[in-house]
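S.K.: Could you have a look at this structure, given as structure tokens, before my questions?
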Amino acid sequence: MPMPDDCRHAPASTKGRSTIDERANHCFGCGPENPQGLHLVFSTDTSVPGHPTATAHFQLDRLHEGPPGYVHGGIIATLLDEAMSKINRPLNVLAVTRHMEIDYLRPVPLYQSLTVTSHHLHREGRKLFHRAEILSSDGTTLARGKGIFIELDRALLARAGFTQPED
Numbered sequence: 346m347p348m349p350d351d352c353r354h355a356p357a358s359t360k361g362r363s364t365i366d367e368r369a370n371h372c373f374g375c376g377p378e379n380p381q382g383l384h385l386v387f388s389t390d391t392s393v394p395g396h397p398t399a400t401a402h403f404q405l406d407r408l409h410e411g412p413p414g415y416v417h418g419g420i421i422a423t424l425l426d427e428a429m430s431k432i433n434r435p436l437n438v439l440a441v442t443r444h445m446e447i448d449y450l451r452p453v454p455l456y457q458s459l460t461v462t463s464h465h466l467h468r469e470g471r472k473l474f475h476r477a478e479i480l481s482s483d484g485t486t487l488a489r490g491k492g493i494f495i496e497l498d499r500a501l502l503a504r505a506g507f508t509q510p511e512d
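Quick note on the working numbering: the sequence shown kicks off at 346 and runs consecutively.
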């Protein structure tokens, strides 16, 4: 199956292979084919070996409103989770969220340029520990999250007909 042109968060080393995230074009966070999705486009930085970061710039509107003029808390959680999930790929793993903690530090405004950035902290076996934050245009941290992701078993994925990045 050809990879959609809009999967810009995937490193060049994985282009041309059909992975789970390339089949999931309707992902609410980054899926290009989801008309209600956030359509986030991430860039990854792998300049520090073993500690990739992922960043997306975005602006939300009234469809994402919680309190008047501000982003809904569930959307904030989604943004942080999505950002943290994007740094599994440069680590050559496919993983799912096991646990996430969120600190809502300040209201996240609608109709303003915002950034979500995630960082890999460390790994313990199949557990990957990440953090993410949402920043205003002036660099103020509005929300912060920590997550634990569990690497999926490669043999199980292969039996299901999926591939994933290789080590």
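All C-beta atoms in this analysis are idealised placements derived from N, C-alpha and C, irrespective of residue type, glycine included.
Remember, it's a predicted structure, so these values are computed and weren't measured experimentally.
1) When the distance is taken between beta carbons, is Ile-432 closer than 8 Å to His-465?
2) Indicate whether Thr-423 and Gly-492 have their beta-carbon atoms separated by less than 8 Å.
3) Less than 8 Å separating the beta-carbons of Gln-457 and Gln-404?
4) Does the segment 410-428 come within contact of the segment 444-455, defined as at least 3 CB pairs closer than 8 Å?
5) Could you check the C-alpha separation between Asp-390 and Phe-494 for me, to the nearest Å?
6) Looking at C-alpha atoms only, which residue of Asp-498, Ala-505, Val-393 and Gly-506 is the closest neighbour of Val-438?
7) Can you give me the C-alpha to C-alpha distance between Ala-488 and Gly-414, rounded to a whole angstrom?
8) Let me make sure I understand the geometry here. Which of Leu-480, Glu-496, Leu-436 and Phe-387 has the alpha-carbon closest to that of Arg-471?
M.R.: Result, derived from the coordinates:
1) Against a cut-off of 8 Å, the Cβ pair of Ile-432 and His-465 comes out as a contact.
2) no
3) yes
4) The segment 410-428 is in contact with the segment 444-455.
5) 19 Å
6) Asp-498
7) 16 Å
8) Glu-496
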